[in-house]
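Residue numbers (our numbering), protein chains in the order written: chain A, 1168 to 1181; chain B, 5 to 261.
Ideal Cβ placement from N, Cα and C applies to all residues, glycine included.
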Amino acid sequence: SNNQKTLLGFFQKV
Amino acid sequence: MLELRLVQGSLLKKVLEAIKDLVNDANFDCSATGFSLQAMDSSHVALVALLLRSEGFEHYRCDRNLSMGMNLGNMAKMLKCAGNDDIITLKADDGSDTVTFMFESPTQDKISDFEMKLMDIDSEHLGIPEAEYHAIVRMPSSEFGRICKDLSSIGDTVVISVTKEGVKFSTRGDIGTANIVCRQNNTVDKPEEATIIEMTEPVSLTFALRYMNSFTKATPLSSIVTLSLSSDLPVVVEYKIAEMGYIRFYLAPKIEE
């Protein structure tokens, strides 16, 4: 659902 | 040349059962440190990080760092063909597009070779910094599995709240609500039955139960699970793999309604 955050908002791609 | 011999082959079988429904394809990375994997689910909501340290293998040969792309469903199919008591050896030649799983029965009277095709996977790797968590809950993994299963029959999300009184798991759905509180309990006879809470400040976060239930497929790997929570971070659900390493699941929270 649209109130689910994703990990990309917390961790950087390396 | 890669050759990894794992006497307790059932560990690898359990690892695949724990992650194959969360992630379809993933790169296994081999280095002097060990056999590892980091992969996200397709919606980038959950991440699994696995480490099996080289010291945990009876024989560990990895001449150069190697990344092997595997379909986890296919890998699980092959590992299902290994007996629970079998010794499992992974072999790959440099530049090869296949990996071989060798299964040896404990009495050495049955030896099987399964060769699986590798695949090119464009995986996204995330840098996960070390963090100080507001609350760390250590509890029996079977209890955590039971709670997630029970709550998912009532609702779709779980609110995990940690206070100095204990850890509360709550859900709500069309038929009603449920709250389960586990109090700190470190006076039990067996350490694996204890619930231990370390908290620097209270924390309350909401998560999708569908993912939590998927993580609990790692329960056979460890009698203890550790939940690390901070108000501004994904939760970490960790199952330690005895003598070898860990499987950690990271899950992004939902925005509280």
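Chain-order list of residues whose beta-carbon lies under 7 Å from that of residue i (same chain, five-residue window excluded)
| i | result |
| --- | --- |
| B:Met-82 | Phe-105, Phe-118, Met-120 |
| B:Glu-205 | His-138 |
| B:Phe-173 | Ile-151, Leu-155, Val-162, Ile-164, Ile-184 |
Burial state of residue i, where buried means 16 or more other Cβ atoms lie within 10 Å
| i | result |
| --- | --- |
| B:Ala-96 | buried |
| B:Gly-77 | exposed |
| B:Asn-31 | buried |
| B:Lys-18 | buried |
| B:Gly-131 | exposed |
| A:Lys-1180 | exposed |
| B:Cys-152 | buried |
| B:Lys-114 | exposed |
| B:Val-27 | buried |
| B:Thr-220 | buried |
| B:Arg-1 | Any property of residue 1 of chain B remains undetermined from this structure, which presents chain B solely from 5 to 261. |
Residue i and residue j closer than 8 Å at C-beta
| i | j | result |
| --- | --- | --- |
| B:Asp-33 | B:Ser-71 | yes |
| B:Met-74 | B:Glu-128 | no |
| B:Ser-145 | B:Ser-227 | yes |
| B:Arg-65 | B:Leu-6 | yes |
| A:Lys-1172 | B:Pro-257 | yes |
| B:Ile-158 | B:Gly-177 | yes |
Beta-carbon contacts of residue i that lie in its chain and below 8 Å, excluding the five residues immediately before and after
| i | result |
| --- | --- |
| B:Ser-234 | Ala-135, Glu-136, Tyr-137, His-138, Ala-139, Val-207 |
Proximity winner among the options, relative to residue i (alpha-carbon distances)
| i | options | result |
| --- | --- | --- |
| B:Val-166 | B:Ala-86, B:Met-143, B:Ser-14 | B:Met-143 |
| B:Thr-199 | B:Lys-168, B:Ala-222, B:Pro-224 | B:Lys-168 |
| B:Ala-222 | B:Ile-259, B:Asp-25, B:Lys-84, B:Gln-112 | B:Asp-25 |
| B:Gly-87 | B:Phe-107, B:Val-192, B:Glu-62, B:Thr-102 | B:Phe-107 |
| B:Ser-35 | B:Val-52, B:Phe-61, B:Glu-21 | B:Phe-61 |
| B:Leu-237 | B:Cys-186, B:Ser-127, B:Val-49 | B:Val-49 |
| B:Ile-245 | B:Ser-40, B:Thr-175, B:Pro-133 | B:Ser-40 |
| B:Ile-23 | B:Ser-146, B:Met-216, B:Gln-188, B:Glu-147 | B:Met-216 |
| B:Asn-190 | B:Val-141, B:Phe-219, B:Tyr-254 | B:Val-141 |
| B:Phe-211 | B:Ile-201, B:Arg-187, B:Phe-219, B:Val-162 | B:Val-162 |
| B:Thr-111 | B:Phe-219, B:Val-11, B:Leu-255 | B:Val-11 |
| B:Thr-213 | B:Tyr-254, B:Leu-155, B:Ile-201 | Per the sequence presented here, residue 213 of chain B reads as Leu, with Thr not at that position. Per the Cα distances, B:Leu-155. |
Neighbourhood of residue i by C-beta distance below 6 Å, restricted to the same chain and skipping five residues each side
| i | result |
| --- | --- |
| B:Gly-249 | Leu-55, Leu-56, Arg-57 |
| B:Gly-13 | Ala-86, Asp-90, Ile-91, Ile-92 |
Q) Considering only residues of the stretch 171 to 243 of chain B, which uninterrupted alpha helix (DSSP H) runs meet the minimum length of 4 residues and lie entirely inside it, listed in chain order? A) 213 to 219
Q: Can you check the stretch 129 to 158 of chain B for any alpha helix (DSSP H) of at least 4 residues that lies completely inside it and give the ranges in chain order?
A: 145 to 156
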